[in-house]
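Encoded as structure tokens, the structure appears first; notes follow it.
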Amino acid sequence: MPKNKKIVVKIGSSLLANDENLTLRYAFINGLLSDLARLKKEGHDVILTSSGSVALGLNMVGKRPEDAGILDKQAAAACGQPLLMNAYRQIASEHNMDVAQMLVSVGDMEERRRFLNIKNTMLRLFENDILPIINENDSVATRDLRVGDNDRLSAKVAQMVDADLLVILTSVDGLYDRNPAEPGAQFIAEIDDVSEHLDSTTAISALGSGGMLTKMQAANMAQNAGVETIIAEGIIERPISSVLANERRFTRCRVTGKAASPLMVWLSNRLQVSGTLVVPDNVAAAVAAGDCGVSRHDILSIQGDFTKGDVLHVYDESGAEVARGLTNFSSEETMLMARHSDMAVEDLIGYKTQSDVIGIENLLVLAENHLPLDAPAEDPKIVVPA
Numbered sequence: 001m002p003k004n005k006k007i008v009v010k011i012g013s014s015l016l017a018n019d020e021n022l023t024l025r026y027a028f029i030n031g032l033l034s035d036l037a038r039l040k041k042e043g044h045d046v047i048l049t050s051s052g053s054v055a056l057g058l059n060m061v062g063k064r065p066e067d068a069g070i071l072d073k074q075a076a077a078a079c080g081q082p083l084l085m086n087a088y089r090q091i092a093s094e095h096n097m098d099v100a101q102m103l104v105s106v107g108d109m110e111e112r113r114r115f116l117n118i119k120n121t122m123l124r125l126f127e128n129d130i131l132p133i134i135n136e137n138d139s140v141a142t143r144d145l146r147v148g149d150n151d152r153l154s155a156k157v158a159q160m161v162d163a164d165l166l167v168i169l170t171s172v173d174g175l176y177d178r179n180p181a182e183p184g185a186q187f188i189a190e191i192d193d194v195s196e197h198l199d200s201t202t203a204i205s206a207l208g209s210g211g212m213l214t215k216m217q218a219a220n221m222a223q224n225a226g227v228e229t230i231i232a233e234g235i236i237e238r239p240i241s242s243v244l245a246n247e248r249r250f251t252r253c254r255v256t257g258k259a260a261s262p263l264m265v266w267l268s269n270r271l272q273v274s275g276t277l278v279v280p281d282n283v284a285a286a287v288a289a290g291d292c293g294v295s296r297h298d299i300l301s302i303q304g305d306f307t308k309g310d311v312l313h314v315y316d317e318s319g320a321e322v323a324r325g326l327t328n329f330s331s332e333e334t335m336l337m338a339r340h341s342d343m344a345v346e347d348l349i350g351y352k353t354q355s356d357v358i359g360i361e362n363l364l365v366l367a368e369n370h371l372p373l374d375a376p377a378e379d380p381k382i383v384v385p386a
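Residues in the sequence shown are numbered consecutively from 1, following UniProt numbering.
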């Protein structure tokens, strides 16, 4: 493997915590950090995205994974995170490695300025030869405690630092064409288009918040950012370098084509819907063809409370997502302009502008290989009377 690669490694809860007693698997952590130290000595920059805080804290709040509610999981995360980081710090020191903890939230990854601040922090840690260990801030997270899950978080991190490789270690050796427990399941060694393999990804581990589906979603995000993804079993001895040396089997999700600009990659790899616009089908077709942005005259309905510079998701009348883009106006301004399209913009919002709600220069049309986000289930605010 060439020198000076940026490698993001994602570890799931099932590898870090024993299923029965919910205690740390020290042998695995030692093997993992020994391998990461080896990669760093070879000249690679490495980031570890780690789950595990919730699983490790459940004993302290007297819950099992299947019985824990959202408040139990938040409390368990607060208890388990110090245990996890203490283990990482102690074992890393045995391999002459310094580590740093970074806890992030959905907002940190979705808001452009905070996203860039996190990137700058990680790059400074690289400069000081420190291993960043990243996890979602589960003690304050809601919505099932997921940025999307730590699989997709790792893909966002890979995008953020312009990584060369994302390695997702899990409890199986890669992707199969169906549940690997079923007779006749076939192993898939290489994938060009991740979106073609989503139907075979339904199983979820007892401790993890995701499954193979979220790993495929992460691989899709990584592909769109120009990052190759490897999905492999998290063995104890040389879990990463053995894969890089092709000493055991794994699934490789290859990069095909050229990645878009950093801004467009950031627009494409969303973890949740922050605001939506519904436009007529003919406008959606023109947007999809790259012929126009979205003007106030095009909007049928709007949902979400957003501000200027937020990312909006554009749907056609049937609910299919066609594009994402940066809005030039807040939700209140957009609502006023769409409801009163016959009035001058200056009279409605107090200043002159010729801007579209989403300009064509800040609009990303979703390609077939992008995984769309479903529109929120709540009733949208209708802005144009039927």
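Even for Gly, the Cβ is constructed at its ideal location relative to N, Cα and C.
Keep in mind it's a predicted model, so treat the numbers as computed, not measured.
Assigned exposure category for residue i - 16 Cβ within 10 Å defines buried
i, result
"D347", "exposed"
"Q159", "buried"
"D35", "buried"
"E237", "exposed"
"S93", "exposed"
"L263", "exposed"
"I70", "exposed"
"R124", "exposed"
"L244", "buried"
"V147", "The predicted model places V147 with a pLDDT of 46, which falls under 50 and marks its position as unreliable, so this point remains unresolved."
"M343", "exposed"
"G80", "buried"
"G52", "buried"
"N137", "buried"
"P183", "exposed"
"N179", "exposed"
"Q186", "exposed"
"R152", "buried"
Cβ-Cβ separation, residue j to residue i (assumed contact under 8 Å), whole Å
i, j, result
"M97", "K40", "7 Å"
"I231", "K215", "6 Å"
"L24", "L83", "7 Å"
"I47", "M109", "Contact flag wrong, Cβ pair sits at about 14 Å."
"L169", "K5", "About 17 Å; that fails the 8 Å criterion."
"R254", "E228", "6 Å"
"V314", "E233", "40 Å between Cβ atoms; not a contact."
"V322", "L366", "6 Å"
"V345", "M335", "No, V345 and M335 are not in contact; Cβ-Cβ is about 13 Å, not under 8 Å."
"L363", "V283", "Not confirmed; about 12 Å, so no contact."
"H95", "A37", "4 Å"
"V273", "S301", "Actually they do not touch by this definition, with Cβ atoms about 14 Å apart."
"N120", "T49", "Going by Cβ atoms, the distance from N120 to T49 rounds to 18 Å, so no, they are not a contact pair."
"S330", "T307", "5 Å"
"L312", "G359", "Rounded, the Cβ-Cβ distance is 12 Å, inconsistent with contact."
"N269", "A163", "Not really, about 13 Å apart at Cβ, beyond 8 Å."
Range of the contiguous beta strand (DSSP E) that encloses residue i
i, result
"M102", "98-104"
"T229", "228-233"
"A284", "First-last for A284: 281-288, but that is the alpha helix (DSSP H), not the beta strand (DSSP E)."
"L363", "363-365"
"I134", "130-136"
Three-way DSSP call (helix, strand, coil) for residue i in this model
i, result
"S13", "helix"
"S312", "Note that residue 312 corresponds to Leu in the displayed sequence, not to Ser. L312 falls in the strand class under three-state DSSP."
"V255", "coil"
"S268", "helix"
"L300", "coil"
"K352", "coil"
"F187", "strand"
"S209", "Its pLDDT being 45, under 50, S209 is placed unreliably by the model, and the measurement read from it follows with that caveat. Three-state result, S209: coil."
"T214", "helix"
"V273", "coil"
"G319", "coil"
"P239", "coil"
"V357", "coil"
"R248", "coil"
"R324", "strand"
"N4", "coil"
"L145", "Low confidence applies here, because L145 scores a pLDDT of 39, under 50, leaving its location unreliable; read the following figure in that light. Residue state, collapsed to three classes: coil."
"I204", "Note on I204: pLDDT 45, under 50, position unreliable in the model; the coordinate value appears next. Three-state DSSP puts I204 in a strand."
Run of the alpha helix (DSSP H) containing residue i, from where it starts to where it stops
i, result
"T334", "331-339"
"I118", "112-127"
Residue-chain proximity (residue i, chain D), Cβ-Cβ < 7 Å
i, result
"V357", "In the structure shown, chain D does not exist; there is a single protein chain."
Residue i CB to nearest heavy atom of the ligand NAP below 6 Å
i, result
"L326", "This structure lacks the ligand NAP; in fact it carries no ligand of any kind."
> Can you give, in chain order, each stretch of the alpha helix (DSSP H) that sits fully within the stretch 8-80 and has at least 4 residues?
Replying inline: 13-16, 26-41, 53-57
> In the stretch 147-174, which residue ranges form an unbroken beta strand (DSSP E) of at least 3 residues, counting only runs that do not cross its ends?
Replying inline: 165-170
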